[in-house]
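Structure record follows, encoded as structure tokens.
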Amino acid sequence: MVLVRWGRLLAVLLVAAGAVAGCRMDAPERGAAREREAETGFRGRVQADPAPRPDFVLNDARGGTFDFRAETDGYLTLLFFGYTHCPDVCPIHMSSIAAVKRDLGTEFGRHTKVVFVTVDPKRDTPERLVSWLGNFDPDFVGLYGDPATIDSLQVRLGLPPAVVPDTAAEDYVVGHGSPVIAWPANDSVRVDFPFGTRQEDWRHDLEKLAALDGSGD
Amino acid sequence: MQLQWWCSAQSTAWDWTWQPYPGVWLFIGLIAIGWLRAERSRSPDDRERQVRRRLSFGAGLLCLWLALDWPIAALGAGYLASVHMLQYLMIMLLAPPLLLMGWPRASYRRLADSRLLPVVRVLTHPLVALALFGVVVYWTHLPGVVDVWMASQLGSLALDLAWLLGGLVFWWPVVAPVPERPRFPYGIKMGYLFLATVINTLPYAFLTFGELPLYGLYELAPPVAGITTRLDQQAAGLLMKMGGGLILWTWITILFIRWFQRESADDAVRPA
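Chains as they are written, first to last, in this note's numbering: chain L, 682 to 898; chain G, 22 to 293.
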């Protein structure tokens, strides 16, 4: 009798626990990514009128110049405007992309280029760019150039130009657009990844973008 | 940075600037006042037991305070899953038995004579306490719960309270003298604690062997000291398994030694 009573109590507790644990309590950004996936197949934001990847030349932090269109032609390409002193968005994006790139293997890595353009050339010296990006992935490309060129490039891509405060202090914060822009090898689509993109979402979309390899398959 | 009364996730970059959490001080202060009031009643304990009890309560309260205050609470609330796990260990596994052992015996005796005893008896029945422990451990480690609840001070307080209350209920049948449970001897107590190590295994496995980060909160948090999300998550899983295992197995060992001492003492007084 006692065992039956305790058994009932335990069953009620377990059912209650199951009910609580079964509740969906997703964070808001998860819902938005899922909605986008249902609409477009991608969890990032697909641009309605995709222009091909831009044509520009900037300085490569490892030396020489980098002709963006020529160097990334035929590659799945990710482009991001940020700065190495950034406390949150930039290192989180770079860390997520690097982790997912590693997950997807060397074959994926061989056909992918990640390009980081600094919006803070005053502090981001070529050496610092190479060293900072190397913490995430030594194959990431760091570019720098004069601020006016980089501002106009961002505007061409539909991003707000970066806001660098006019200060003599060394520990300032730069306002900049947060999305990473991705083009597959065949330029058939442009997907923007806002801040808040989870590694799970990166993996989902990068695999899909890699499949759009320009061969028409 | 805005003043918080209880620590919750912040979207600002981590720095080592001290932050006050008045709600935590009030909470710890209320527990201390409750204990001091209970201490005022005359205790029949001998001096040595009294000192041990006070030390135990002091250690438990200190452990709770450290877990709820800056910097552990701040790092755990919004930056590192591994520190969040350290909080879980401190609040649910380390502090409760020390607090219960440090509470004055006279209070337990009053409880034994009160109308609350039947409620306490049901709530702290080993089967119920173990089931509650499992529910609290699993529920408070669900990604949806952590990501949403840790973002607000009330949610963060609710999770901390769930750990503390769940821990007190879980440890009650092991260390509290009331109600007496003659059918819950040392050997069964050891098995009870062993089952808790098994309960800890499932979240540990998800955290340590998960291919992708489980918690958006920590994945999208400003990085601390270059620690990657995945390394942090693996550290959290290992901490849960090894840290939790260390605490629970230490207690299993203590119970075994006490059991052995009791048996030896009984043998000594038993007529040949």
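Ideal Cβ placement from N, Cα and C applies to all residues, glycine included.
*CB-CB under 8 Å to Ser776 of chain L, same chain, minus the five flanking residues each way: which ones, in chain order?*
So the list reads Phe817, once near-sequence residues are dropped.
Exercise for the section: Return the first residue and the last residue of the beta strand (DSSP E) that Leu634 of chain L is part of. Expected result: Residue coverage of chain L in this structure runs from 682 to 898, which leaves residue 634 of chain L outside it and unanswerable.
Beta-carbon proximity check, Pro733 of chain L vs Leu838 of chain L, cutoff 8 Å: Not closer than 8 Å, so no.
Worksheet item: For a contact meaning CB atoms closer than 9 Å, what does Ile773 of chain L contact in chain G?
Response: The answer, in chain order, is Glu240, Leu241, Ala242, Pro243, Pro244, Thr250.
Quiz item: To the nearest angstrom, how far is it from the Cα of Leu107 of chain G to the Cα of Ala714 of chain L?
Solution: Roughly 31 Å between the two C-alpha positions.
field: Tyr129 of chain G, DSSP secondary structure in three states
entry: Residue state, collapsed to three classes: helix.
request  = Would you please verify whether the beta carbon of Gly247 of chain G is less than 8 Å from any beta carbon of chain L?
outcome  = Taking Cβ atoms only, chain L reaches closer than 8 Å to Gly247 of chain G, which makes this a yes.
(request) Give the range of the alpha helix (DSSP H) segment to which Ala217 of chain G is assigned. (result) Here the alpha helix (DSSP H) through Ala217 of chain G covers 207–220.
| query | Are any of the Cβ atoms in chain G nearer than 8 Å to that of Asp784 of chain L? | reply | Yes, Asp784 of chain L lies at the interface with chain G (some Cβ there is under 8 Å from its Cβ).
Report yes or no: is there a C-beta of chain L within less than 8 Å of the C-beta of Gly237 of chain G? Yes, contact with chain L.
Using a cut-off of 9 Å between C-beta atoms, extract the partners of Leu233 of chain G located in chain L. Under the 9 Å cutoff, chain L gives Ala780, Val781, Asp784, Arg879, Gln880, Glu881, Arg884.
Between which two residues does the alpha helix (DSSP H) holding Phe874 of chain L run?
No alpha helix (DSSP H) holds Phe874 of chain L; the beta strand (DSSP E) holding it covers 872–874.
Using a beta-carbon distance below 8 Å, is Ser812 of chain L in contact with chain G?
No, Ser812 of chain L lies away from the interface with chain G (no Cβ there is under 8 Å from its Cβ).
Just to make sure I have the definition right: I need the residues of chain L whose C-beta is within less than 8 Å of the C-beta of Ala34 of chain G. Which are they? Ala34 of chain G reaches chain L at Pro768, Asp769, counting residues in chain order whose Cβ is nearer than 8 Å.
DSSP on Trp864 of chain L, reduced to helix/strand/coil?
Three-state result, Trp864 of chain L: strand.
Note to self: Quick check: is the beta carbon of Ser664 of chain L nearer than 8 Å to any beta carbon in chain G?
What the structure shows: With chain L covering 682 to 898 only, the question about residue 664 of chain L has no answer from this structure.
Going by beta carbon distance, what residues of the same chain come within less than 7 Å of Ala286 of chain G, once the five residues before and after it are set aside? Non-local C-beta neighbours of Ala286 of chain G in its own chain, meaning closer than 7 Å and more than five positions away in sequence, are absent.
ask   = Quick one: what does DSSP say Leu223 of chain G is sitting in, helix, strand or coil?
value = Looking at Leu223 of chain G - three-state DSSP - the assignment turns out to be helix.
Rounded separation between Arg73 of chain G and Asp288 of chain G - CA only | If you take the alpha carbons of Arg73 of chain G and Asp288 of chain G, they lie about 27 Å apart.
Less than 7 Å between C-beta atoms, sequence neighbours within five positions excluded: which residues of the same chain meet that for Ser77 of chain G? These residues qualify, in order along the chain: Leu119, Met122, Gly123.
> Which residues does DSSP pair with Asn900 of chain L in a beta bridge?
Replying inline: Only positions 682 to 898 of chain L appear in this structure, which leaves residue 900 of chain L out of reach.
- Query: Beta-carbon of Gly897 of chain L versus every beta-carbon of chain G: anything under 8 Å?
  - Reply: Note that Gly897 of chain L has pLDDT 41, beneath the 50 cutoff, so the model's placement of it is unreliable and no number is given.
**Q.** In DSSP terms, what Lys794 of chain L is bridged to
**A.** Bridge partners of Lys794 of chain L: L:Thr758.
In chain G, which residues lie with their C-beta within 8 Å of the C-beta of Ser776 of chain L?
Against Ser776 of chain L, the close residues of chain G are Pro244, Thr249, Thr250, in the order they occur along the chain (beta-carbon pairs closer than 8 Å).
Beta-carbon proximity check, Thr218 of chain G vs Gly265 of chain G, cutoff 8 Å
Their beta carbons are under 8 Å apart, which means Thr218 of chain G touches Gly265 of chain G by this criterion.
Can you pull the chain G residues whose beta carbon is under 8 Å from the beta carbon of Asn816 of chain L, in chain order?
Taking the beta carbon of Asn816 of chain L as reference, the chain G residues within 8 Å of it are Gly247, listed in sequence order.
Item to complete: Rounded to whole angstroms, what's the CA-CA distance from Thr903 of chain L to Gln255 of chain G? Just pull it up for me.
Response: The structure shown does not extend to residue 903 of chain L, since chain L is modelled only from 682 to 898, so the question has no answer here.
Check your understanding: Between the beta-carbon of Gly725 of chain L and the beta-carbon of Val855 of chain L, is there less than 8 Å?
Key -> The beta carbons of Gly725 of chain L and Val855 of chain L sit no closer together than 8 Å.
- Item | With 16 other Cβ atoms within 10 Å as the buried cut-off, status of Val158 of chain G | Looking at its Cβ environment, which holds 16 or more other Cβ atoms inside 10 Å, Val158 of chain G is buried.
| request: Give a yes or no on whether the C-beta atoms belonging to Val795 of chain L and Val822 of chain L are separated by under 8 Å. | output: Yes, the pair counts as a contact, with Cβ atoms nearer than the cut-off.
Q. So, helix, strand or coil for Arg204 of chain G, using DSSP?
A. Of the three classes helix, strand and coil, the one that applies to Arg204 of chain G here is coil, per DSSP.
- Item | Rounded separation between Ala700 of chain L and Ala152 of chain G - CA only | Residue placement at Ala700 of chain L is flagged as unreliable, the pLDDT there being 41, under the threshold of 50; a coordinate-derived value is accordingly withheld.
| task | Could you have a look at Val701 of chain L and say whether DSSP puts it in helix, strand or coil? | result | Per-residue confidence for Val701 of chain L stands at a pLDDT of 42, beneath the threshold of 50, marking its modelled position as unreliable; no derived number is given.
Reference Asp882 of chain L, options G:Pro243, G:Thr249, G:Leu235, closest by Cα = Ranked by Cα distance from Asp882 of chain L, the first of G:Pro243, G:Thr249, G:Leu235 is G:Leu235.
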